[in-house]
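Colleague: For reference, the structure I am asking about is given below.
Residue numbers (this note's numbering): 1 to 140.
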């Protein structure tokens with residue numbers, strides 16, 4: 001008897017719970033699963049973060065993992081929000097990729113992640129890997 005395959009989404013910036021963006025209406029079709037992290041580096045882009053993959057296991061980006069109840073619909077809306085749908089010119093600023101993400105308990109899931117798809121050499125590295133804490137410290 002086959003079970004339903006869960007689709008997961010990892011968010012690390014403006015889509016995290018604390019931010020209360022307009023996109024949170026979409027999350028009615030998502031269920032919070034766990035806090036977690038992905039292996040990567042986080043950069044300040046222009047009032048929002050951009051994540052890239054890193055080979056260094058010490059590089060971690062903090063975020064939240066959600067299960068997606070209606071994957072096609074939600075991912076389509078998020079592709080538009082992240083400007084990586086076919087309606088936007090190439091190269092896209094972000095690409096959506098399925099990566100291994102760790103839960104706070106150390107388990108792993110395969111989750112969709114929006115990765116920054118441009119040169120990061122002129123951007124500020126967010127050393128903590130936590131965008132919300134970075135923004136809070138800027139505002140203090």
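Where a beta carbon is used, it is the ideal one built from N, C-alpha and C, also for glycine. Please read these numbers as outputs of a predicted model, since none were measured by experiment.
I'd like to know whether the C-beta atoms of residue 81 and residue 32 end up nearer to each other than 7 angstroms.
Modeller: no
Colleague: Which partner residues of residue 90 appear in the DSSP bridge assignment?
Modeller: Residue 90 pairs with nothing; no bridge assigned.
Colleague: Measuring only between beta-carbons, confirm whether residue 102 sits less than 7 angstroms from chain D.
Modeller: In the structure shown, chain D does not exist; there is a single protein chain.
Colleague: Under three-state DSSP, which class holds residue 111?
Modeller: strand
Colleague: Taking the DSSP output, what are the residues bridged to residue 118?
Modeller: According to DSSP, residue 118 bridges with nothing at all.
Colleague: Can you tell me whether residue 1 is helix, strand or coil according to DSSP?
Modeller: The predicted position of residue 1 is uncertain, since its pLDDT is 44 and thus under 50; a value taken from the coordinates is nonetheless stated next. Of the three classes helix, strand and coil, the one that applies to residue 1 here is coil, per DSSP.
Colleague: Is it buried or exposed, residue 119, if we count other Cβ atoms within 10 angstroms and call 16 or more buried?
Modeller: exposed
Colleague: Can you check the region 46 to 90 for any alpha helix (DSSP H) of at least 4 residues that lies completely inside it and give the ranges in chain order?
Modeller: 71 to 81
Colleague: For residue 41, report the span of its alpha helix (DSSP H) as first-last.
Modeller: Unbroken run through residue 41 is the beta strand (DSSP E), 30 to 44; no alpha helix (DSSP H).
Colleague: Along the alpha helix (DSSP H) that carries residue 132, what are the first and last residues, could you check?
Modeller: 131 to 139
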